[in-house]
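Remarks on the structure that follows.
There are 2 protein chains.
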Amino acid sequence: MEQANLFQEIVSLCKRRAVVFPSSEIYGGINSCWDYGPLGVELRRNLKDLWWKAVVQGHRNVVGADTSIIMHPEVWVASGHRDHFTDPLVDCKSCKQRFRADQIDLTKCPECGGQLTEPRSFNLMFKTYMGPVEDDAAQVFLRPETAQGIFVDFETIFNGSRGKLPFGIAQIGKSFRNEVSPGNFIFRSREFEQMELEFFVDPSTEDFWFDKWVKERLEWYVSIGINPERLRTRPHGPDELAHYAKACVDIEYLFPFGWKEIEGIANRGQFDLQVHARSSGKQLVVFDQVREENVVPSVIESSSGVDRILLVALVDAYEKEAERSVLRFHPTLAPTKVAVLPLMRKEPLVEKAVSLEEELRGSFTVEYDDAGSIGRRYRRQDESGTPYCLTVDYQSLEDDTVTIRFRDSMRQERLPVKGLTGRISELMKSREPMPVE
Amino acid sequence: MEQANLFQEIVSLCKRRAVVFPSSEIYGGINSCWDYGPLGVELRRNLKDLWWKAVVQGHRNVVGADTSIIMHPEVWVASGHRDHFTDPLVDCKSCKQRFRADQIDLTKCPECGGQLTEPRSFNLMFKTYMGPVEDDAAQVFLRPETAQGIFVDFETIFNGSRGKLPFGIAQIGKSFRNEVSPGNFIFRSREFEQMELEFFVDPSTEDFWFDKWVKERLEWYVSIGINPERLRTRPHGPDELAHYAKACVDIEYLFPFGWKEIEGIANRGQFDLQVHARSSGKQLVVFDQVREENVVPSVIESSSGVDRILLVALVDAYEKEAERSVLRFHPTLAPTKVAVLPLMRKEPLVEKAVSLEEELRGSFTVEYDDAGSIGRRYRRQDESGTPYCLTVDYQSLEDDTVTIRFRDSMRQERLPVKGLTGRISELMKSREPMPVE
Numbered sequence: 001m002e003q004a005n006l007f008q009e010i011v012s013l014c015k016r017r018a019v020v021f022p023s024s025e026i027y028g029g030i031n032s033c034w035d036y037g038p039l040g041v042e043l044r045r046n047l048k049d050l051w052w053k054a055v056v057q058g059h060r061n062v063v064g065a066d067t068s069i070i071m072h073p074e075v076w077v078a079s080g081h082r083d084h085f086t087d088p089l090v091d092c093k094s095c096k097q098r099f100r101a102d103q104i105d106l107t108k109c110p111e112c113g114g115q116l117t118e119p120r121s122f123n124l125m126f127k128t129y130m131g132p133v134e135d136d137a138a139q140v141f142l143r144p145e146t147a148q149g150i151f152v153d154f155e156t157i158f159n160g161s162r163g164k165l166p167f168g169i170a171q172i173g174k175s176f177r178n179e180v181s182p183g184n185f186i187f188r189s190r191e192f193e194q195m196e197l198e199f200f201v202d203p204s205t206e207d208f209w210f211d212k213w214v215k216e217r218l219e220w221y222v223s224i225g226i227n228p229e230r231l232r233t234r235p236h237g238p239d240e241l242a243h244y245a246k247a248c249v250d251i252e253y254l255f256p257f258g259w260k261e262i263e264g265i266a267n268r269g270q271f272d273l274q275v276h277a278r279s280s281g282k283q284l285v286v287f288d289q290v291r292e293e294n295v296v297p298s299v300i301e302s303s304s305g306v307d308r309i310l311l312v313a314l315v316d317a318y319e320k321e322a323e324r325s326v327l328r329f330h331p332t333l334a335p336t337k338v339a340v341l342p343l344m345r346k347e348p349l350v351e352k353a354v355s356l357e358e359e360l361r362g363s364f365t366v367e368y369d370d371a372g373s374i375g376r377r378y379r380r381q382d383e384s385g386t387p388y389c390l391t392v393d394y395q396s397l398e399d400d401t402v403t404i405r406f407r408d409s410m411r412q413e414r415l416p417v418k419g420l421t422g423r424i425s426e427l428m429k430s431r432e433p434m435p436v437e
Numbered sequence: 001m002e003q004a005n006l007f008q009e010i011v012s013l014c015k016r017r018a019v020v021f022p023s024s025e026i027y028g029g030i031n032s033c034w035d036y037g038p039l040g041v042e043l044r045r046n047l048k049d050l051w052w053k054a055v056v057q058g059h060r061n062v063v064g065a066d067t068s069i070i071m072h073p074e075v076w077v078a079s080g081h082r083d084h085f086t087d088p089l090v091d092c093k094s095c096k097q098r099f100r101a102d103q104i105d106l107t108k109c110p111e112c113g114g115q116l117t118e119p120r121s122f123n124l125m126f127k128t129y130m131g132p133v134e135d136d137a138a139q140v141f142l143r144p145e146t147a148q149g150i151f152v153d154f155e156t157i158f159n160g161s162r163g164k165l166p167f168g169i170a171q172i173g174k175s176f177r178n179e180v181s182p183g184n185f186i187f188r189s190r191e192f193e194q195m196e197l198e199f200f201v202d203p204s205t206e207d208f209w210f211d212k213w214v215k216e217r218l219e220w221y222v223s224i225g226i227n228p229e230r231l232r233t234r235p236h237g238p239d240e241l242a243h244y245a246k247a248c249v250d251i252e253y254l255f256p257f258g259w260k261e262i263e264g265i266a267n268r269g270q271f272d273l274q275v276h277a278r279s280s281g282k283q284l285v286v287f288d289q290v291r292e293e294n295v296v297p298s299v300i301e302s303s304s305g306v307d308r309i310l311l312v313a314l315v316d317a318y319e320k321e322a323e324r325s326v327l328r329f330h331p332t333l334a335p336t337k338v339a340v341l342p343l344m345r346k347e348p349l350v351e352k353a354v355s356l357e358e359e360l361r362g363s364f365t366v367e368y369d370d371a372g373s374i375g376r377r378y379r380r381q382d383e384s385g386t387p388y389c390l391t392v393d394y395q396s397l398e399d400d401t402v403t404i405r406f407r408d409s410m411r412q413e414r415l416p417v418k419g420l421t422g423r424i425s426e427l428m429k430s431r432e433p434m435p436v437e
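Protein chains in written order, with our numbering: chain A, 1 to 437; chain B, 1 to 437.
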């Protein structure tokens with residue numbers, strides 16, 4: 001299938017099944033804001049949870065934080081965002097449309113051929129006012145990244161945790177950027193959720209930790225079931241590097257619209273703690289017991305976005321077959337783990353199915369469905385990415401077994417109801433959670 | 001201890017241990033914005049997860065959503081927030097301070113005795129501009145509640161899930177209110193996280209479902225370990241009811257500063273879907289198969305806040321004893337489940353402790369600590385609310401056992417290392433997760 005069509009099919013599946021769709025649609029929508037429905041929100045939860053378990057709970061020396069979206073405005077002066085987090089904009093003097101000056105040929109308006117204004121800087125931070133007076137003193141910003149909250153709290157968290165270098169602080173939270181050209185569905189939006197790790201290290205070890213995190217983060221995508229052939233790393237050339245970065249590697253994924261960044265890992269050196277120390281007048285240092293001196297830690301950053309990885313998960317899992325559409329999520333990612341289906345909407349099939357559903361609900365996300373033919377119900381679950389369908393039929397009433405149907409192979413086998421929760425948990429953790437024979 | 005001192009002690013513990021503390025502190029802080037550190041963020045995660053498991057995953061007919069913070073501005077016109085979500089404000093003509101007109105005697109300024117202006121309405125929604133032009137057409141708001149996202153998406157989610165009444169949609173997410181007088185630590189802040197359920201029912205059944213949810217939500221607080229004697233329900237009198245509500249019950253908790261609302265359960269009738277239907281021109285109805293007619297569902301709402309419940313959890317768990325401060329969290333709430341402590345920082349004690357830590361880390365939040373006397377380390381864990389401390393001593397090297405110490409009773413017993421993960425999981429799920437003998 002053509003890649004553009006494939007992508008359109010995914011977008012339309014997401015709308016139809018209420019996975020993710022434009023915000024405020026009954027009012028005509030609002031550009032580049034997205035709402036997640038039942039399947040989408042469970043997928044988000046699973047992604048965030050897998051990231052947190054891997055990055056925070058999996059490392060003795062990484063802790064979590066959750067800092068506020070609205071921060072003291074001086075934070076953005078110190079970080080450079082207030083003065084430099086800008087895009088160059090031009091207006092067309094005839095049709096009044098706006099464009100990013102770095103994305104078009106500046107000789108004539110690409111829409112009407114009219115004359116363009118000189119480029120000017122447009123700051124991407126959303127601003128608002130705290131308190132009842134709308135003046136400069138009350139002006140605050142919605143954070144454009146979660147990282148600064150971590151830098152600003154470094155000392156409190158490091159000391160409060162009795163930290164030692166290397167020491168990581170990780171955060172998941174919303175950020176906002178007033179992008180001039182958002183797009184590609186949820187790939188680039190104005191409101192999005194970041195997952196960032198700032199890993200503080202002794203400056204003499206920064207190269208070692210940088211390489212280690214690039215490797216670990218790449219492996220994480222494979223561990224959640226993403227096809228390794230559609231993943232690659234791309235080091236930034238010296239001309240691409242941000243002014244604060246000593247090195248940067250993008251992890252890229254092959255979307256239907258090409259290879260695109262899904263995560264950046266950067267060696268930010270001592271830049272961040274140094275600028276905040278200078279601006280705040282605090283000493284943001286760590287005492288090195290061996291050298292008996294204060295050290296400004298260097299920072300290795302891993303920065304990714306929930307919405308973008310969710311798009312990776314969707315694109316990577318989607319497959320159109322002759323008879324069905326399937327989302328082949330790894331079972332740990334799948335929004336619904338188990339569907340319970342009575343063969344027909346008839347007693348005592350329904351009673352048995354409902355009691356099974358209630359038992360499983362304590363351990364998994366479960367859907368119960370008794371509407372329509374069993375074939376249609378299977379296909380509906382395939383399209384939601386549900387790995388395991390359990391069918392209660394007449395034999396179930398006799399020998400207390402059910403049919404388990406595996407999403408990927410569509411293979412079926414009978415399993416005793418007794419011990420089913422444990423059996424499904426084991427399957428999900430096993431090397432072959434979707435057995436083919 | 002005096003209640004005000006008790007509260008001050010909790011606030012100071014939260015700062016010292018980096019549980020929760022003012023945002024942007026190195027820049028002097030920003031009024032009423034709070035950052036959560038390592039222990040705080042795990043406590044938040046546990047609370048949100050317990051709510052989600054109870055409200056969403058525990059009910060076949062409740063699904064989740066995650067809608068955007070910035071929505072179409074017409075949403076707030078329809079809901080009434082743009083015109084009526086206001087506080088009355090007065091200014092002092094002498095000292096220029098501002099006050100809520102409904103909270104002071106309006107004859108003279110409470111600070112300097114000066115003359116006050118006439119009260120005027122101040123809208124509590126934060127506003128900002130989307131896109132590069134700051135004009136009325138680009139003005140948008142940060143949502144003051146998550147509920148409206150659910151109402152606006154009702155049709156898409158109901159149809160996408162092939163819903164039937166009764167049908168609930170639940171959401172956890174940030175909201176913003178430009179409060180004139182925030183305060184009481186994290187009790188009332190300008191940026192906060194809500195947990196809301198909108199439960200859509202046939203209007204003829206609304207009283208039944210209202211009562212059912214009041215009961216279920218009250219029981220939830222007891223299930224997460226909150227002292228039932230500090231919980232009560234308080235029905236709103238007819239004069240207190242919001243214009244859209246037919247009935248409302250607050251769940252209140254006895255804080256050191258008095259009984260305060262921690263959750264509101266409201267029967268909102270058909271108000272919400274009716275106003276959005278009228279404003280958007282869509283038919284927000286459900287077809288009733290029995291009566292063969294369209295019905296506008298009524299809404300039963302449960303609305304609570306993560307930050308506020310987290311404060312309940314802290315206040316309820318905190319106890320000052322002669323020798324120690326303890327946070328007696330229910331183990332499912334506790335940020336750190338298990339601490340692994342080698343008796344001394346010596347091999348082969350450390351090696352054995354580290355290998356135990358790594359094994360447990362796959363299943364629980366674990367802290368490893370080998371710094372200081374074992375008594376001090378126990379007290380540090382008590383103060384973090386860690387229910388189980390495992391000590392590796394010389395006997396451990398001989399018989400492969402460890403000492404488990406229970407936080408509440410400080411009782412110790414020996415357990416084999418083999419099977420420890422399973423034993424701790426069982427303990428946490430048992431009726432007596434903190435055994436006293």
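All C-beta atoms, glycine included, are put in the ideal place defined by N, C-alpha and C. Everything numeric in this text was worked out from a predicted model, so none of it was measured.
(request) Confirm the yes/no value for this check: CB of E252(A), any heavy atom of the ligand NAP, distance under 7 Å. (result) For the structure depicted, the ligand NAP is absent and the ligand set is empty, with no information on it obtainable.
(message) Measuring straight from C-alpha to C-alpha, what distance separates F329(A) and E193(A)?
(response) The residue you call residue 329(A) lines up with position 329 of the first sequence. The residue you call residue 193(A) lines up with position 193 of the first sequence. Each residue's alpha carbon lies about 21 Å from the other.
(message) Rounded to whole angstroms, what is the Cα-Cα separation between E261(A) and G237(B)?
(response) Here residue 261(A) is taken as the residue at index 261 of the first sequence, counted from 1. Here residue 237(B) is taken as the residue at index 237 of the second sequence, counted from 1. For E261(A) and G237(B), the distance between alpha carbons rounds to 56 Å.
(message) Distance cutoff 8 Å, beta carbons only. Does W34(A) sit that close to anything in chain B?
(response) Working through the first sequence from its first residue, we reach residue 34(A) at position 34. Closer than 8 Å: yes.
(request) Report the three-state DSSP secondary structure of P235(A) (helix, strand or coil). (result) Within the first sequence, numbered from 1, the residue matching residue 235(A) stands at position 235. Residue state, collapsed to three classes: strand.
(message) Taking DSSP's pairing of strands, which residues face K320(B) in a bridge?
(response) For this step, residue 320(B) is matched to residue 320 along the second sequence. In the DSSP output, where bridge partners are listed per residue, K320(B) has S325(B).
(request) Compare the Cα-Cα distances from P297(B) to each of R234(B), F151(B), L343(B) and I251(B) and report the closest residue. (result) Here residue 297(B) corresponds to residue number 297 of the second sequence, with the count starting at 1. Ranking the options by Cα distance to P297(B), first place goes to F151(B).
(request) Whole angstroms is fine: what's the gap from I104(A)'s alpha carbon to G258(A)'s? (result) Within the first sequence, the letter at position 104 stands for residue 104(A). Within the first sequence, the letter at position 258 stands for residue 258(A). Computed Cα separation, rounded: 20 Å.
(request) Output the distance between the C-alpha atoms of V75(A) and P166(B), rounded to the nearest integer angstrom. (result) Taking the first sequence and counting its residues from 1, the one referred to as residue 75(A) is at position 75. Taking the second sequence and counting its residues from 1, the one referred to as residue 166(B) is at position 166. Near 47 Å, if we compare the C-alpha coordinates of P166(B) and V75(A).
(message) Measuring straight from C-alpha to C-alpha, what distance separates E240(A) and C248(A)?
(response) Numbered from its first residue, the first sequence carries residue 240(A) at position 240. Numbered from its first residue, the first sequence carries residue 248(A) at position 248. Taking the straight line joining both Cα atoms gives about 9 Å.
(message) Tell me which residue opens and which closes the alpha helix (DSSP H) that N5(A) is part of.
(response) Locating residue 5(A) in the first sequence gives position 5, counting from the first residue. Start and end: Q3 to R16.
(message) Quick test of your reading: P73(B) and F158(B), contact by CB under 8 Å. State the CB separation rounded to the nearest angstrom.
(response) Here residue 73(B) is taken as the residue at index 73 of the second sequence, counted from 1. Here residue 158(B) is taken as the residue at index 158 of the second sequence, counted from 1. Not a contact, Cβ separation roughly 24 Å.
(message) Between which residues of its own chain and Q115(A) is the CB-CB distance below 6 Å, once the five residues before and five after are set aside?
(response) In the first sequence, the residue the question calls residue 115(A) occupies position 115. Around Q115(A): K93.
(request) Compare the C-alpha of W209(B) against each of N178(B), Y221(B), K164(B) and I265(B) and name the closest. (result) For the purposes of this step, residue 209(B) is taken as residue 209 along the second sequence, with counting starting at 1. Measuring from the Cα of W209(B), the nearest candidate turns out to be I265(B).
(request) From the DSSP output, in three-state form, read off V133(B) for me. (result) The residue you call residue 133(B) lines up with position 133 of the second sequence. Coil.
(message) Give me the chain B residues within the contact set of L147(A), using Cβ-Cβ distance strictly less than 9 Å, ordered along the chain.
(response) Here residue 147(A) refers to the residue found at position 147 when the first sequence is read from its first residue. According to the sequence as given, residue 147(A) is Ala; it is not Leu. Ordered by position in chain B, no residue passes the 9 Å Cβ test against A147(A), which lies about 13 Å from the chain.
(message) When you compare the CB of I424(A) with every CB in chain B, is at least one pair closer than 8 Å?
(response) Taking the first residue of the first sequence as 1, we reach residue 424(A) at position 424. No, I424(A) lies away from the interface with chain B (no Cβ there is under 8 Å from its Cβ).
(request) Could you check the C-alpha separation between M130(B) and F122(A) for me, to the nearest Å? (result) Within the second sequence, numbered from 1, the residue matching residue 130(B) stands at position 130. Within the first sequence, numbered from 1, the residue matching residue 122(A) stands at position 122. Cα-Cα distance, rounded: 12 Å.
(request) With a floor of 4 residues, list each alpha helix (DSSP H) that falls wholly inside the segment 173-255 of chain A, ordered by position along the chain. (result) 206-223
(request) Please report the Cβ distance between A78(B) and H276(B), rounded to the nearest whole angstrom; I am assuming they are in contact, meaning their Cβ atoms lie under 8 Å. (result) The count along the second sequence starts at 1 and reaches residue 78(B) at position 78. The count along the second sequence starts at 1 and reaches residue 276(B) at position 276. Yes, A78(B) and H276(B) are in contact; Cβ-Cβ is about 5 Å, under 8 Å.
(request) Count the other CB atoms, across all protein chains shown, that sit within 10 Å of the CB of Q171(A); report buried if there are 16 or more and exposed otherwise. (result) Taking the first residue of the first sequence as 1, we reach residue 171(A) at position 171. Buried.
(message) Along the segment 306-340 of chain B, where does the CB come closer than 8 Å to a CB of chain A? Name the residues.
(response) none
(message) Using beta carbons (cut-off 8 Å, strictly below), is L89(A) in contact with chain B?
(response) As a working note, residue 89(A) is residue 89 in the first sequence. For L89(A), the answer is yes, since a Cβ of chain B falls inside 8 Å of its Cβ.
(request) Could you tell me if S189(A) is buried or exposed, where buried requires 16 or more neighbouring beta carbons within 10 angstroms of its beta carbon? (result) In the first sequence, residue 189(A) corresponds to position 189, counting from 1. With 16 or more Cβ atoms within 10 Å of its Cβ, S189(A) is classed as buried.
(request) Say whether the segment 423-430 of chain A touches the segment 371-383 of chain A, bearing in mind that this needs 3 or more beta-carbon pairs closer than 8 Å, one atom from each stretch. (result) no
(request) Please compile the residues from chain B whose C-beta is within a distance smaller than 8 Å of the C-beta of P132(A). (result) Taking the first sequence and counting its residues from 1, one reaches residue 132(A) at position 132. Those are L89, R98, F122, N178 and V180, listed as they occur along chain B.
(request) Kindly list the residues whose CB is nearer than 8 Å to the CB of R230(A), restricted to its own chain and excluding five residues on each side of it in sequence; keep chain order. (result) On the first sequence, position 230 is the one that residue 230(A) refers to. Correct list, in chain order: Y253, L254 and D316.
(message) Given this structure, state the Cα-to-Cα distance separating R44(A) from G168(B), to the nearest angstrom.
(response) As a position in the first sequence, residue 44(A) is number 44, starting the count at 1. As a position in the second sequence, residue 168(B) is number 168, starting the count at 1. So the two alpha carbons sit approximately 19 Å from each other.
(message) Between G80(A), A334(A) and I226(A), which has its C-alpha nearest D382(A)'s C-alpha?
(response) By one-based count along the first sequence, residue 382(A) stands at place 382. Closest by alpha carbon: A334(A).
(request) Spell out whether any CB of chain A is found under 8 Å from the CB atom of G183(B). (result) In the second sequence, counting from the first residue as 1, residue 183(B) sits at position 183. It does not; no Cβ of chain A falls within 8 Å.
(message) Determine whether the beta carbon atoms of Y318(B) and I10(B) lie at a separation below 8 Å.
(response) Taking the second sequence and counting its residues from 1, the one referred to as residue 318(B) is at position 318. Taking the second sequence and counting its residues from 1, the one referred to as residue 10(B) is at position 10. Contact flag set, yes.
(request) Select from C14(B), G163(B), T332(B) and V90(B) the residue whose C-alpha is nearest the C-alpha of P132(A). (result) Taking the first residue of the first sequence as 1, we reach residue 132(A) at position 132. Closest option to P132(A), Cα to Cα, is V90(B).
(message) Is there a Cβ of chain A sitting closer than 8 Å to that of E219(B), yes or no?
(response) Residue 219(B) sits at position 219 when you count from the first residue of the second sequence. Not closer than 8 Å to any Cβ of chain A, the Cβ of E219(B) fails to qualify, so no.
(request) Run the CB neighbour count on E155(A), radius 10 Å, all protein chains shown included, and call it buried at 16 or more, exposed below. (result) What you label residue 155(A) is simply residue 155 of the first sequence in a count that begins at 1. So E155(A) ends up on the buried side.
(request) Starting from the N-terminal side, write out each stretch of the beta strand (DSSP E) that is 3 residues or longer and does not extend beyond the segment 292-379 of chain B. (result) 293-295, 298-305, 318-320, 325-327, 338-342 and 366-368
(message) Would you call the segment 10-22 of chain A in contact with the segment 279-292 of chain A, where contact means no fewer than 3 C-beta pairs closer than 8 Å?
(response) no
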